[in-house]
Structure formats: C-alpha cells, structure tokens
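Input: a single structure, listed below in structure tokens.
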Amino acid sequence: DAGITQSPRHKVTETGTPVTLRCHQTENHRYMYWYRQDPGHGLRLIHYSYGVKDTDKGEVSDGYSVSRSKTEDFLLTLESATSSQTSVYFCAITTDSYEQYFGPGTRLTVT
Amino acid sequence: QKEVEQNSGPLSVPEGAIASLNCTYSDRGSQSFFWYRQYSGKSPELIMFIYSNGDKEDGRFTAQLNKASQYVSLLIRDSQPSDSATYLCAVNGNFGNEKLTFGTGTRLTIIP
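Chains as they are written, first to last, in the numbering used here: chain P, 42 to 152; chain C, 75 to 186.
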C-alpha cells in the first residue's frame, strides 16, 4: 500500500461547511497528489505537491486548497463544501521510479 | 488538453480466455504508460507500466506500447474471475513531470 493512509475514510457534511482531508505517507516521497473520482469522469487531479510548501493546481482545483507543511502530510481543504464536491477522494504518491500509488480513499458526501 | 481514451465496456470474456484492453492517447510526447486495476469500492492498484515500444510481460499480464500509433494495450492471459474489475490506463507527459492523465477505465467481467 506504499505506506499511504487517508483520514477520515468516510465523511458526511453539510453544504457550506469547511472540510479538511488528510493524507499521510511514511516513506518520504517528494510528490503527493489529490484526485477525485466520479462516475463518467474517471480520476481527475485536484492539486499536487512537489515538496514541502510547493504545490500546484490540477485540472479541477476550483473550490479546493492544499497545504504541505511536512513531507509526510498533504492536506486537502474544501473551504465551503458544495454538493458538487460529493465524491471519492484519493491521495497518491510517486516513487523515485515514477510509479504512482494510491491511498485507500475518502468517501465524502455533502448534503 | 491531453486526452486518454478507453472503451468503457463492459467487456465480457470467458474464464481462461485472453482479455484485451486498449487505450489511446493524444499527447505524442508522452513517455510512460501505466495500467491500474480497480475493484469496486477500492483504490486503483498499479499492475503494469511500460516506457519503451514493444511488449512487457509480467506473469499473466502483457503491456504493449506503440508510440507511433499512440496506442497502449493490456493483455490478460488465462483470465480468472478475480480479474473482473475496472482497468484504468494512465499516461505521463515526460520523465520529471509526474502528473498522470487517466482514462475513464474499461470494466472487465470474466464469465465463469
């Protein structure tokens, strides 16, 4: 599992509330990613990080922010959750040999 | 906009037969190609990657890459019911750019 954990694994929240998802890795990989997966759209990159405090936007970054203050942790924040952000969120890392591995996922429901 | 296209399926294959999954990509500069397997309700699992034209074999799996045709495929020999899953193709623009672009996946069902 490449030492990746995500928390929480499931969350139900109300529209307009802030939500933070956490990704934790144990192997000090430089690159970390947040994806969302929705039926018909596949996996879409939200944000990624290439080092502590170094982050960049993916293709669906609107409404999301990220932070990486430590190598092992990458946080995804929904400042004001909307129903369109109901999804399954996956964290991933890339190894030095360019292989990308995924965490177990977080199922988020915004009511 | 980089695109990765897969037939969404479902693709039904008898047990013991060869399953063939296909993927095309739009960015001619793409350098590395990955196949993931995803069981329902689970996260994607890396099963194969290929960088060079030709075939790469790993157990019952063979990845085939044709950069001239911008085409990558995955063959699963001696298909088993446990191979029933969605298979995702992913493409990396170039080494050093670790952002993957994913296809929407092909759902494979192995019929006992």
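Here a beta-carbon is modelled for each residue, glycine too, at the ideal position from N, C-alpha and C.
Item	Value
Please report how far the alpha carbon of M73(P) lies from the alpha carbon of S110(P), in whole angstroms.	12 Å
Any chance you could list the beta strand (DSSP E) runs of at least 3 consecutive residues sitting entirely within the segment 75 to 149 of chain C, in chain order?	78 to 80, 85 to 88, 93 to 99, 106 to 112, 119 to 124, 128 to 132 and 135 to 140
Which first and last residues belong to the beta strand (DSSP E) in which E133(P) is found?	Note that residue 133(P) is Ala in the sequence shown here, rather than Glu. Here the beta strand (DSSP E) through A133(P) covers S128 to T135.
Should G167(C) and Q80(C) be called a contact, given that it needs their Cβ atoms to be closer than 8 Å?	no
Does the pairing of the segment 108 to 122 of chain P with the segment 88 to 99 of chain P give three or more beta-carbon distances under 8 Å?	yes
Please go through the same chain and pick out, in chain order, the residues whose beta-carbon is closer than 6 Å to the beta-carbon of T212(C), but skip the five residues on each side of it.	Here chain C covers residues 75 to 186 and nothing more, so residue 212(C) does not appear.
Establish whether the CB of F115(P) and some CB of chain C are separated by less than 8 Å.	no
What's the gap between the Cα of Q138(C) and the Cα of A164(C)?	14 Å
Consult DSSP for S158(C) and reduce its assignment to one of helix, strand or coil.	coil
Measuring straight from C-alpha to C-alpha, what distance separates R85(P) and I185(C)?	31 Å
For a contact meaning CB atoms closer than 8 Å, what does T150(P) contact in chain C?	Result: empty, since nearest Cβ-Cβ is about 15 Å, beyond 8 Å.
For K141(C), decide whether its Cβ has a neighbour in chain P, counting only Cβ atoms nearer than 8 Å.	no
Tell me, to the nearest whole angstrom, how far the beta carbon of L182(C) is from that of V87(C); I am working on the premise that it is less than 8 Å.	7 Å
Hey, would you say A133(P) sits closer than 8 Å to G57(P), going by beta carbons?	no
Along chain C, which residues have their Cβ under 7 Å away from the Cβ of E210(P)?	Lying outside 42 to 152, the shown extent of chain P, residue 210(P) is not represented and no answer is given.
Which of the three DSSP states is assigned to S121(P) in this structure?	coil
In three-state DSSP terms, what is K52(P)?	strand
Listed from N- to C-terminal order along the chain, which residues in the segment 78 to 91 of chain C have their beta-carbon within a distance smaller than 9 Å of any beta-carbon of chain P?	V78, Q80 and S82
Can you give me the Cβ contacts of L174(C) inside the same chain, cut-off strictly under 6 Å, excluding the 5 residues immediately before and after it?	A164 and N166
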